[in-house]
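First the structure, in the form of structure tokens, and then the observations on it.
Residue numbers (the numbering used here): 19 to 633.
Structure representation (structure tokens):
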């Protein structure tokens, strides 16, 4: 299914002229070597584009060019046709920190690479009378790798050229690989007599079966040279005496098509999203770009849209309403019946693992996403500028919060998922993140691991953020449990709820308010290092009968420090809640009951701050 969908995407992109045809690939090219017909090096031209980087800065990146398809390198020397890096084109490379023995070994390897390049081009171009072909052969025949670093033209860009930059040839003002006659030579070489013919599992047609497939590049954490999506590297994975990918026969055309399409998606960094350790790409049938752009804003929350822009948000919500109802959004040219694909792949050294793959109509996916956001809706603090919670922000709530210093010296909190540093939490949540994504896109039940990770973070940090409260609410709305009833799964405070765990959470919030007010009303007090939240929150949710009598006693002491008006107001709130609870507190509370407790605490706390802001 995945390979078929990617092959269809390739065909749609090829029809639009947005992707290289079979036998060709888009590669990063940094330099052009201008040569004459005698093979003399005339000029070295940098080929860089200026792009916008982070924080408004610009940076230079190599140009993307359509060149003869890259060979797959394992061991030994294998040259590309009419382009390659300095080891193959010039017979020399540069690497820092080498001792004399390592340097000599590398030089010998570079010479072998250069000889492989010269041999390939003689094999392809010998006997041709085309001036461009003669120029390339003459250059390779007369070039001396031992003297490459002494060449003045190379020396001016030596650091960049010799560090692995790719280069192409220029002749008579044009790129050699663009010469129609040489391009024809390459096409004929690719269309040579096929052997090992079999039925392709992707297309169903008879084709040459590929033993090894082209690599996938651009997945963070995978090998920079590329990783395999389909591979058999050990006899334990093989059957019927078949070797490598003969065990899952994919034709040459399909192997090229699906890898080219996936590399095309991964090359567009705007539409590559992160969920856990997975790189996520999505595409619509017929390769219509507007669907990807809409998904970047709605599904992942990392598109061009600004969530603080009310006009943009209103337009997004209006489009969502139409699509969720199965109606077309003509303003954005979005058809709810259009088939849409979402693929998440994770790195595993030289291979890639499929975290999830989901396919449905665009309207159904939007409908599921909308239902997910509706379940997540909960009162938010005034400082929270996210009207909706994208997946990355939701999942960040299940990771350890790291305290960092702002530029002004104050503390700032961010989660592991928002930090570049590696952590155990990030690794731990990778599988969970994929399961959550599948649940969101398909409208299925949330995985239990999502709730478990959330409770672990609440217990460890004694902090219920908007994201964590939203997770608890959404989880029990989609995965109902009678011990966490709907009456507590509200957007804001439900003052009429008689649910005991929910009321206990509210009461804890009131006790916390009393302690804070008592501390504020006593300026001579140096402050409290440990609050009741720091000391008792986790145990109060798990064992109320043990903890709440202690909290009640502390609250009475704190009330004495307040003014009569404050004391009467807060004491009344306490007594109102205690009247719901009765004389005895539960000895223990289950996980769903603790969820009710957490929501009660969160709702009551937000109501407190909301009232203060209204005043």
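Ideal Cβ positions, reconstructed from N, Cα and C, are used throughout, including at glycine.
Does the separation of the CB atoms of residue 618 and residue 475 fall below 8 Å?
-> no
Give the DSSP-derived three-state secondary structure of residue 145 in the structure shown.
-> coil
Should the region 48-66 be called in touch with the region 174-190, which here means at least 3 C-beta pairs below 8 Å?
-> Verdict: yes, contact present.
Which class does residue 62 belong to by DSSP, given the choice of helix, strand or coil?
-> strand
First and last residue of the alpha helix (DSSP H) that includes residue 582?
-> 582-599
Hey, residue 114 and residue 124: beta-carbon distance below 8 Å or not?
-> no
Residue 150 vs residue 54 beta-carbon contact at 8 Å | Contact flag unset, no.
Report yes or no: do three or more beta-carbon pairs, one from the region 161-175 and one from the region 90-110, lie closer than 8 Å?
-> yes
Tell me whether residue 376 sits in a helix, a strand or coil according to DSSP, three-state version.
-> Reduced to three states, the DSSP call for residue 376 is strand.
Hey, is the region 33-41 in contact with the region 89-101, meaning 3+ C-beta pairs nearer than 8 Å?
-> no
Could I get the ranges of all uninterrupted alpha helix (DSSP H) runs contained in the region 498-535, with 4 residues as the minimum, in chain order?
-> Uninterrupted alpha helix (DSSP H) stretches at least 4 residues long and entirely within the region 498-535 do not occur.
For the putative contact between residue 634 and residue 607, defined by C-beta atoms under 8 Å, what is the C-beta separation to the nearest angstrom?
-> Since the first residue shown for the chain is 19 and the last is 633, residue 634 is missing from the structure and cannot be characterised.
8 Å CB neighbourhood of residue 350 in its chain, flanking five on each side removed = 308, 312, 337
Would you list the one or two residues that DSSP bridges to residue 301?
-> 359
Candidates 488, 193, 244, 314, of which the one nearest residue 367 by Cα = 244
Any idea what DSSP makes of residue 237, helix, strand or coil?
-> coil
From residue 182 to residue 232, what distance separates their C-alpha atoms?
-> Cα-Cα distance, rounded: 20 Å.
Leaving aside the five residues before and after residue 344 along the sequence, list all residues of the same chain whose C-beta is less than 7 Å from its C-beta, in chain order.
-> For residue 344, where only same-chain residues beyond five positions count, the Cβ hits under 7 Å are 354, 381.
Supposed contact pair residue 557 and residue 626 - C-beta distance, whole angstroms, cut 8 Å = Not a contact, Cβ separation roughly 22 Å.
Just checking my contact of residue 647 with residue 86 at CB under 8 Å: how many whole Å lie between their CB atoms?
-> With the chain running from 19 to 633 in the structure shown, residue 647 is simply not present.
If you compare alpha carbons, which of 126, 457, 575, 477 is closest to residue 492?
-> 457
Quick one: grab the DSSP three-state call for residue 231.
-> Residue 231 falls in the coil class under three-state DSSP.
So which of 292, 408, 416, 310 has the shortest CA-CA distance to residue 364?
-> The candidate whose alpha carbon is nearest that of residue 364 is 292.
DSSP on residue 161, reduced to helix/strand/coil?
-> coil
Exposed or buried, which one is residue 500 when buried takes at least 16 other CB atoms within 10 Å?
-> exposed
Take residue 482 and list the residues in its own chain whose beta-carbon comes closer than 7 Å to its own, dropping the five residues that flank it on each side.
-> 476, 616, 619, 620
Within 8 Å, strictly: CB atoms of residue 511 and residue 622 = Yes, these two residues count as a Cβ contact at 8 Å.
Which stretch, first to last residue, makes up the alpha helix (DSSP H) that contains residue 571?
-> 562-577
Three-state class that DSSP yields for residue 256 in the structure shown | Note: residue 256 maps to coil in three-state DSSP.
Can you name, in chain order, every residue of its own chain whose Cβ lies under 7 Å from the Cβ of residue 57, other than the five neighbours on each side?
-> 153, 156, 157, 159, 160
Sorry if obvious, but does the Cβ on residue 31 come closer than 7 Å to a heavy atom of the ligand FMN?
-> No copy of the ligand FMN appears in this structure; indeed no ligand is present at all.
Looking only at its own chain, which residues have a Cβ that is under 7 Å from the Cβ of residue 505, when we skip the five neighbours before and after it?
-> 512, 515, 517
Report the three-state DSSP secondary structure of residue 37 (helix, strand or coil).
-> DSSP places residue 37 in coil when its eight states are reduced to three.
Alpha-carbon spacing of residue 130 relative to residue 352, whole angstroms | In this model, residue 130 and residue 352 are separated by some 54 Å (Cα to Cα).
Per DSSP, which one or two residues make a beta bridge with residue 484?
-> DSSP output for residue 484 lists no bridge partner at all.
CA-CA distance, residue 405 and residue 339?
-> 16 Å
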